[in-house]
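Asker:
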Amino acid sequence: MNELNIPEETKKLLESTSRMEELAEEVLNLKQFLIEIDKKRCSNMEGLALFRKMDSGTNLLWMNFGEMFVRLPRKNVYKMLEEDQGSVLDLVKEKRNELKKKIRELLELQPKISDMSPIVQGLLLKEQEEILEEQQDY
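The opening residue of the sequence shown carries number 907 in the numbering used here; numbering runs sequentially from there.
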């Protein structure tokens, strides 16, 4: 086959742009995933809060599993919610770290923030604010 004669600088620019698009898509997908998992975290928090308000005399509780309701002992339901909440929080932390890593890599590829899309700019600014807050906590 006859290979196109593309200058090296153009090849590098094409690779860099392609990688930036890939990273931007990954960032947006991670952000959407974090939104979805946050809904689950909030739902778990609501369930755990209900336990604090609920009459402790109730021994069996209804629990929804997809399209099915099951009656389980109170302590089992509470334990399941606590464990699920713990795993959700761990997953959120892991995905946020992954998101920060990808945003930093994106910023290294395109250090001039004004050339990026407004969505990515907003994510970068938000990450920078979170980093500053983390540093102030120490």
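By construction, the Cβ of each residue, glycine as well, lies at the ideal position given by its N, Cα and C atoms.
What residue range does the beta strand (DSSP E) around ASN970 cover?
Answerer: The residue given as residue 970 occupies position 64 in the sequence shown. That run of the beta strand (DSSP E) goes 966-971.
Asker: Roughly how many angstroms separate the alpha carbons of LYS918 and GLN1016, rounded to a whole number?
Answerer: Position 12 of the sequence shown, counted from the first residue, corresponds to residue 918. Position 110 of the sequence shown, counted from the first residue, corresponds to residue 1016. Roughly 13 Å between the two C-alpha positions.
Asker: Do you know offhand how far SER962's Cα is from PRO1024's?
Answerer: Indexing the sequence shown from 1 puts residue 962 at position 56. Indexing the sequence shown from 1 puts residue 1024 at position 118. Approximately 50 Å, taken between the alpha carbons.
Asker: If you drop the 5 nearest sequence neighbours on each side, which residues of the same chain put their C-beta closer than 7 Å to that of GLU1033?
Answerer: Mapped onto the sequence shown, residue 1033 falls at position 127. Answer for GLU1033: LYS1006 and ILE1009, listed in chain order.
Asker: Check whether the region 969-978 and the region 925-938 are in contact - that is, three or more C-beta pairs closer than 8 Å.
Answerer: No: the two stretches stay apart, fewer than three of their Cβ pairs being nearer than 8 Å.
Asker: Would you call the region 987-996 in contact with the region 949-969, where contact means no fewer than 3 C-beta pairs closer than 8 Å?
Answerer: Contact holds: three or more Cβ-Cβ distances are below 8 Å.
Asker: Classify ASN965 as buried or exposed, calling it buried when 16 or more other Cβ atoms lie within 10 Å of its own Cβ.
Answerer: Here residue 965 corresponds to residue number 59 of the sequence shown, with the count starting at 1. It counts as exposed.
Asker: If I'm right that LEU995 touches ARG947 with Cβ under 8 Å, what's the distance once you round it to whole angstroms?
Answerer: In the sequence shown, counting from the first residue as 1, residue 995 sits at position 89. In the sequence shown, counting from the first residue as 1, residue 947 sits at position 41. LEU995 to ARG947, Cβ: 7 Å. Contact.
Asker: Return the residue from the list LEU1030, VAL998 and LEU997 that minimises the CA-CA distance to GLU1011.
Answerer: Locating residue 1011 in the sequence shown gives position 105, where the first residue counts as 1. Per the Cα distances, LEU1030.
Asker: Do you know whose CA, among LYS945, GLY1028, GLU1014 and ASN1003, lies nearest GLU1040's CA?
Answerer: Translated into the one-based positions of the sequence shown, residue 1040 becomes position 134. It is ASN1003.
Asker: Do you know whose CA, among MET960, GLU1036, SER949 and PRO913, lies nearest LYS999's CA?
Answerer: Locating residue 999 in the sequence shown gives position 93, where the first residue counts as 1. Cα-wise, what sits closest to LYS999 is GLU1036.
Asker: What are the boundary residues of the alpha helix (DSSP H) that MET960 is part of?
Answerer: Numbered from its first residue, the sequence shown carries residue 960 at position 54. Element bounds for MET960: n/a, residue is neither H nor E.
Asker: Going by DSSP, name the residue or residues bridged to ARG977.
Answerer: As a position in the sequence shown, residue 977 is number 71, starting the count at 1. Bridge partners of ARG977: TRP968.
Asker: Beta carbon of LEU1057, beta carbon of VAL983: below 7 Å?
Answerer: In this structure the chain extends from 907 to 1044, so residue 1057 is not present and cannot be described.
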